[in-house]
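S.K.: In this text, residue positions in the sequence shown follow numbering that gives the first Met the number 0: the first is 0, and each later residue adds one.
All C-beta atoms in this analysis are idealised placements derived from N, C-alpha and C, irrespective of residue type, glycine included.
One structure follows; several queries about it will come next.
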Amino acid sequence: MSLYRPDGLRAGFHAEGFGPESGLLHGGEQWVPERFLIEPHEHPVWEIYLQQHGTTHWVAGGESYALHPGHLFAVPPGVTHHLAGRSGNHHFYFAAVDLDVVARRHPGLAMPSGVVHREAGELTYAFAQLVRELTTRYEYADTGLTLAVDHLVLAFSRSLAPSAVPQLPMHPAVRTVKRLLDQEFHERWTLKELADRAGLASAYLAELFAAEVGQPPHRYLNERRIDRARQLLESSDVPVTALALSLGFSSSQHFARVFRQFTGTTPTAIRSSRAR
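Below, the structure written as structure tokens:
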């Protein structure tokens, strides 16, 4: 496997050079500066993008698509696609996957027929696991990579036909707020904003959420942020201040304080331990 940073990125990586068993041709996570341009290109397999932060405008097969945070964008083999002009700072995951290889392992998965542009559902978790496999030296690396690719394609297939049926009873408002905090933890949510989205009074939402989830919404939100922060500190070289702001913290000092509360250590200590 080859892992490198293309010229012009703020942070992130591109990985390629895998064996054919997993079905992955290349993948990565990138923080792109303002005025960065991705030229027209195509691939012999599906390329799956997940917009994490920022807004970009793409062209695929002659059609235009606007990607906002949380949007999935998947382009079929042989279809030319590119950024439609230069965009502002943004952050995204990507993976080029031979879906036929994965379908042979899991023949029941739904597969798309054309360009996909929609809400990503739980794809963030699957991409984060793939990044861990690409950036960390684990035992059983080949097996781990194949399982991560399978998990990604499973999440992709589920996003095409979302039909999840909760098996545990949960108040619909709590489920709505929990989904927002799971998927949009980078937003600076206030309790009132969450309550407005759920259609409840703020105090009642806080009481209901704590009773069903076991902690208040703000603490649950910070847990999601710190979980993601640990993964980025271990697998990326994005500066700590930029990382803090991208996760919704008001400053690097605020981030460091909350990080220590949850982990007992500091962001710089986590990153320093990776370099040893």
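#1: Who are the near neighbours of Phe248 in its chain, counting only those whose CB is closer than 8 Å to its CB and skipping five residues on each side?
#2: Flag this pair as touching only if the segment 144 to 153 and the segment 182 to 189 have three or more C-beta atom pairs under 8 Å; answer yes or no.
#3: Out of Leu49, Tyr3, Thr55 and Arg218, point me to the one whose CA is closest to Gln260's CA.
#4: Can you tell me which of the three DSSP states Ser86 falls into?
#5: So Leu214 is in the alpha helix (DSSP H); what residue range does that whole segment cover?
#6: With burial defined as no fewer than 16 other Cβ atoms inside 10 Å of the residue's Cβ, what is the status of Gly61: buried or exposed?
#7: With which residues is Phe91 paired in a DSSP beta bridge?
#8: Give me the Cα-Cα distance between Ala94 and Gly143, rounded to the nearest whole angstrom.
#9: Helix, strand or coil: which one does DSSP assign to Glu183?
#10: Enumerate, from N- to C-terminal direction, the unbroken alpha helix (DSSP H) stretches of 4 or more residues contained entirely within the segment 95 to 140.
#11: Pull up the CB-CB distance for Ala119 and Ser86, whole angstroms please, since I reckon it's below 8 Å.
#12: The alpha helix (DSSP H) with Glu192 in it runs from where to where?
#13: Could you give the distance in angstroms between the alpha-carbon of Gln50 and the alpha-carbon of Ala10?
M.R.: In terms of the structure at hand:
#1: Cβ neighbours of Phe248 within its own chain (closer than 8 Å, five residues either side excluded): Arg224, Phe254 and Val257.
#2: Output reads no: the segment 182 to 189 does not touch the segment 144 to 153.
#3: Of Leu49, Tyr3, Thr55 and Arg218, the residue nearest in Cα terms is Arg218.
#4: Strand, per DSSP.
#5: Strictly speaking, residue 214 in this sequence is Gln, with Leu absent from that position. The continuous stretches of alpha helix (DSSP H) do not include Gln214, and DSSP gives it neither H nor E.
#6: Per the 10 Å Cβ criterion, exposed.
#7: Within the DSSP secondary-structure output, Phe91 pairs in a beta bridge with Gln29 and Gln50.
#8: Answer to the nearest angstrom: the Cα atoms are 16 Å apart.
#9: The answer is coil: DSSP assigns Glu183 none of H, G, I, E or B.
#10: Taking 4 residues as the minimum length, the alpha helix (DSSP H) runs contained wholly in the segment 95 to 140 are 98 to 104 and 122 to 134, in order along the chain.
#11: Contact flag wrong, Cβ pair sits at about 18 Å.
#12: Element bounds for Glu192: Leu190 to Ala197.
#13: Our two residues, Gln50 and Ala10, have alpha carbons roughly 15 Å apart in a direct line.
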